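A short write-up of the structure that comes next.
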Amino acid sequence: MSVDGIALDFKAIGAILGIGIVWYALAVAHADDRQPDIARGAAVAAQGVAPGAPACAQCHAYNGASDGSGAFPRIAGQPDYYLAKQLRDYASGVRTNAVMTPIAKALSSEDATDVAAYYASVNAPFLPLKNAKPMLIKRGEQLAKVGDAAKDLQSCNNCHGPGGAGEPPAIPYLGGQYARYTAFQLAMWKRGFRKNSPDSMAGIAKRLDDQEIAAVAAYFQQVDASAPAATQPKE
Ligand code: HEC
Ligand code: HEC
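The sequence shown lines up with residues 1 to 235 when you count with this note's numbering.
Here you go:
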């Protein structure tokens, strides 16, 4: 029992340190690149890039809050590094989606960097949404904050931060994200359509059954994410 507990802890620490070092190296490697142009990114969001990339605002709204349907993720205030990486991953096929793959392929590297910097800089309000049943949310909260030792599952907030507020540059916020989108991403990792960050997220998604996916997605949607991460100035 205690031996298991120790093994689990070492694994968790190892995972965090290991990927942390890679992210840090990537972040440093990118530090010398051209500075992102937020105004140019705002123009990409509003008008798109011809040919092939329609205005992002059509689906994500100009302020990045998208709409309450949950078909499109909220992207406002996500770390710019994370957003730009997703665009590159769609373009390279590491992450596949019928809508986003062709759009990402139509963006130049500068377009992707600039539009990511623009959406990262927007502080958009959270739309009022109907929430799931309290029982489901409670189970989700447990997974988010504690994990499940019996399933060798560390807590989501271990990596995604308290309240799932995100850990820039590489880890996105989950707090306030649409439940439908979050559940869909976990299913995509389980089925192998989302292959980015395989070490961290694929293994986690595979340990969750459908009910647990619904629970954790419902929990994160109703976390009051308008509190710290969204209102504090970025470092
Ligand atoms: C026609 C609708 C549509 C348009 C236009 C669109 N998107 Fe998307 N976007 C989506 C959908 C749907 C997803 C979720 C895809 C998935 O499940 O992987 C998505 C996902 C994303 C993600 C991943 C977010 C995350 O949290 O991982 C980013 C980044 C993104 N879009 C950026 C953009 C940018 C930048 C533009 C404009 C150049 C754009 N999108 C235009 C529909 C759209
Ligand atoms: C070991 C660290 C780690 C743990 C623990 C973890 N995640 Fe993640 N998660 C990540 C990383 C890294 C990414 C970014 C992947 C990428 O670059 O595409 C991510 C991305 C995600 C995304 C995609 C968000 C988006 O906007 O598309 C979802 C959803 C997610 N995690 C849910 C969860 C849930 C639910 C749990 C707990 C059951 C969890 N994560 C636990 C590291 C972790």
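Using N, Cα and C, we set each Cβ at its ideal position, and we do this for glycine too.
Note that the structure is a prediction, hence the values are computed from the model and not measured.
Could you work out which residue in the options is closest to residue i when comparing CA atoms only?
| i | options | result |
| --- | --- | --- |
| A106 | P54, K138, F72 | P54 |
| V49 | P79, G68, N63, P102 | P102 |
| H60 | F72, S197, S109 | F72 |
| L136 | Q221, D224, A215 | A215 |
| M188 | Q177, Y173, I204 | I204 |
| S315 | P51, A217, L174, I75 | The question about residue 315 has no answer, for the chain in this structure spans 1 to 235. |
| Y82 | V115, F184, A98 | V115 |
| R139 | S155, L127, E110 | S155 |
| G41 | P51, A57, G166 | A57 |
| N63 | P162, Y119, D209 | Y119 |
| K151 | M100, V94, D209, D111 | D209 |
| H160 | K85, F220, D67, Y90 | F220 |
Would the beta-carbon of residue i be found less than 7 Å away from any heavy atom of ligand 1?
| i | result |
| --- | --- |
| I38 | no |
| P51 | no |
| F126 | no |
| A71 | yes |
| I213 | no |
| G166 | no |
| Q154 | no |
Can you determine whether any heavy atom of ligand 2 sits closer than 7 Å to the C-beta of residue i, and answer yes or no?
| i | result |
| --- | --- |
| N97 | no |
| C56 | no |
| H160 | yes |
| V216 | yes |
| Q177 | yes |
| A45 | no |
| I103 | no |
| K85 | yes |
Mind checking which residues open and close the alpha helix (DSSP H) that includes residue i?
| i | result |
| --- | --- |
| A218 | 210 to 222 |
| T236 | There is no way to answer for residue 236, as the model of the chain reaches only from 1 to 235. |
| G140 | 134 to 145 |
| Q185 | 179 to 191 |
| S121 | 109 to 121 |
| R207 | 203 to 207 |
| I103 | 100 to 106 |
Can you check DSSP and say which residues form a bridge with residue i?
| i | result |
| --- | --- |
| V49 | A53 |
| E167 | I171 |
| R194 | R95 |
| D148 | L153 |
Across the region 188 to 200 and the region 134 to 148, are there enough close Cβ pairs to call them in contact, namely three or more that are closer than 8 Å?
no
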